[in-house]
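Each remark here refers to the structure printed beneath this line.
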Amino acid sequence: MIEVDLHLHTTFSDGTLTPTELVNLCASKGLKVIAVSDHDSTEGLPEAMAAAEAHPGLTIIPAIELSTDVPGSEIHMLGYFVDTADQDFQKTLEEFRKGRLNRGELMVEKLNNLGLNISWERVQEISDGGAIGRPHIAQALVEAGYIEFP
Numbered sequence: 019m020i021e022v023d024l025h026l027h028t029t030f031s032d033g034t035l036t037p038t039e040l041v042n043l044c045a046s047k048g049l050k051v052i053a054v055s056d057h058d059s060t061e062g063l064p065e066a067m068a069a070a071e072a073h074p075g076l077t078i079i080p081a082i083e084l085s086t087d088v089p090g091s092e093i094h095m096l097g098y099f100v101d102t103a104d105q106d107f108q109k110t111l112e113e114f115r116k117g118r119l120n121r122g123e124l125m126v127e128k129l130n131n132l133g134l135n136i137s138w139e140r141v142q143e144i145s146d147g148g149a150i151g152r153p154h155i156a157q158a159l160v161e162a163g164y165i166e167f168p
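With the first letter of the sequence shown counted as 1, position 36 gets the number 54 in the working numbering; the numbers rise by one all the way through.
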């Protein structure tokens with residue numbers, strides 16, 4: 019039985035569950051240790067930590083997945099036991115999120131140029147303030163009827 023998962027995302031990046039829903043699901047599956055590692059954001063960690071209080075057998079590792087660009091490829095680095103109170107770190111993360119925002123806006127523009135008309139505003143609504151990623155754009159495409167999802 020798997021008791022540890024060190025790479026989980028919430029709706030604060032490209033996950034489908036809120037931090038509370040994720041923690042509750044992990045606890046119900048018998049996990050003992052999880053790392054909530056959203057893309058370029060620690061915003062979901064306080065909610066996850068609070069939700070974990072209802073599950074004394076579950077330990078949460080505060081984590082992050084940083085998106086980095088290397089010429090010719092994209093690399094994602096995982097960081098564990100991050101200090102969410104570090105203001106310099108949070109300022110750096112804000113720059114990472116701006117990059118994701120710009121990249122997402124460019125993807126929507128390219129889709130619109132291809133005749134797949136979705137609105138940037140709707141993608142932002144779907145992300146609900148989290149780091150915008152491909153799943154948010156995909157959901158907008160589903161909502162607009164361009165993609166069928168079972």
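Where is the CB? At the ideal position from N, CA and C, for every residue including glycine.
Distance CB(residue i)-CB(residue j) smaller than 8 Å
i	j	result
S91	H57	no
G75	K47	no
H25	A45	no
P168	D32	no
I20	A53	no
Length of the line joining the Cα atoms of residue i and residue j
i	j	result
A149	Q157	15 Å
R115	L96	16 Å
A2	V41	The displayed coordinates of the chain run from 19 to 168. Any statement about residue 2 would go beyond what the structure contains.
T77	G133	47 Å
Inter-residue CB distance, residue i and residue j (contact presumed, cutoff 8 Å)
i	j	result
A81	S59	About 11 Å; that fails the 8 Å criterion.
P37	E65	4 Å
G122	V141	6 Å
T34	G62	Contact flag wrong, Cβ pair sits at about 13 Å.
I136	L159	6 Å
Buried or exposed by the 16-neighbour rule on C-beta atoms within 10 Å, applied to residue i
i	result
A68	exposed
V126	buried
F99	exposed
L111	buried
G151	buried
Beta bridge counterpart(s) of residue i as assigned by DSSP
i	result
P80	V54
T86	I93
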